[in-house]
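Under numbering that gives the first Met the number 0, the first residue of the sequence shown carries the number 0, and numbering increases by one thereafter.
Each residue gets a CB set at the ideal place from its N, CA and C atoms; glycine is no exception.
Quick notes on the structure that follows.
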Amino acid sequence: MTPDAKKIFLFISLAAVFAGGNAAFANPQAALTLSEKEKEIARKEQELDEKLNREANPKISGKIEETMDSGSYTYVLLANGEKKTWVAMPQMKVAVGQELIFNCNNEMWNFKSRSLERTFERIYFCNAPEKTVGGTDDGKMAGKASAGSAGAVASPAEKIRVEKAIGTNAYTVEELYSNKESLDNKAVAVKGKVVKVSAGIMGKNWIHVQDGSGDANKRTNNLVVTSQDVPKVGEIVTVNGTLRADKDFGGGYKYAVIVEEAAIK
């Protein structure tokens, strides 16, 4: 509770106490309840403090009743008594009956997952859980990486060769990696083939683009792009967006290079 809020609350509460005190002079028996009123004031103030603390540091916990993987996320339905909460987190191995605890307040309403073809009335998007209880792989990634991590790089079997885009801000995928410091926060254009799409995650679509440049061993051949557009895997597209260097969203979402808020044609 803020200091000003406490002052207002105590002023109102003390006014109520004094009112009760005046009544006590007229009725001696009323004086016996004065301490009860003081306790009630303290109890209410504590409840308000606890409520504000919960809002500032939200905790979500429960045992998994249902789980599914989609795109780069694991969705879990947590049951805590009669309360049930959907949570989406970077993909990891979990099991029904396992207990998870999150510190998370990223709440979304009526979230539609295109990959699951399902709408969640209420769901939280969280980083990895603070704690897991039960299961043999507690808190460990099970070989399934997030859309931005190295393990998520899509590597098609065929050789890709796409001509470089035209324009003063046009680059190959390899050039974006080589010049990421000087291009950080600048508009760029790149042409390539869509090799992977993870739609409807955190309110955006995550697209992997390759043009044949770069080194797969050095992980400089794959570009991750976020956009509201949804291209199809296999399409040749031109991406126009803002390059971000060494972007870390947390929860395993780390990018040496990413192009955000992109228009895809």
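Classification of residue i by the beta-carbon crowding that lies within 10 angstroms, buried from 16 upward
i, result
"Met67", "exposed"
"Asn109", "exposed"
"Thr118", "exposed"
"Ile122", "buried"
"Arg42", "exposed"
"Pro128", "buried"
"Ser181", "exposed"
"Ser69", "buried"
"Ile165", "exposed"
"Thr171", "buried"
"Val229", "exposed"
"Gly199", "buried"
"Val95", "exposed"
"Thr131", "buried"
Residue of the options minimising C-alpha distance to residue i
i, options, result
"Thr219", "Leu76, Lys179 and Lys58", "Lys179"
"Val232", "Val93, Thr84, Tyr254 and Trp205", "Trp205"
"Val256", "Val236, Ala198 and Leu175", "Leu175"
"Asn79", "Tyr72, Met88 and Glu98", "Glu98"
"Val223", "Glu260, Gly202 and Asn216", "Glu260"
"Asn105", "Met88, Thr237 and Val93", "Met88"
"Tyr72", "Val196, Glu44 and Asn168", "Val196"
Residues that residue i bridges to, as DSSP identifies them
i, result
"Gly61", "Leu99"
"Gly68", "In the sequence as presented, Gly is not what sits at residue 68; that position holds Asp. BP columns for Asp68 point to Thr73."
"Tyr123", "Val86 and Glu106"
"Val258", "Val224 and Leu242"
"Ile263", "Val238"
"Ala78", "Lys62 and Lys83"
Across the segment 174-193 and the segment 203-221, are there enough close Cβ pairs to call them in contact, namely three or more that are closer than 8 Å? yes
In chain order, which beta strand (DSSP E) runs of at least 3 residues are fully inside the segment 221-256? 222-226 and 235-249
Beta strand (DSSP E) runs contained entirely in the segment 174-218, provided each spans 3 or more residues: 186-200 and 203-209
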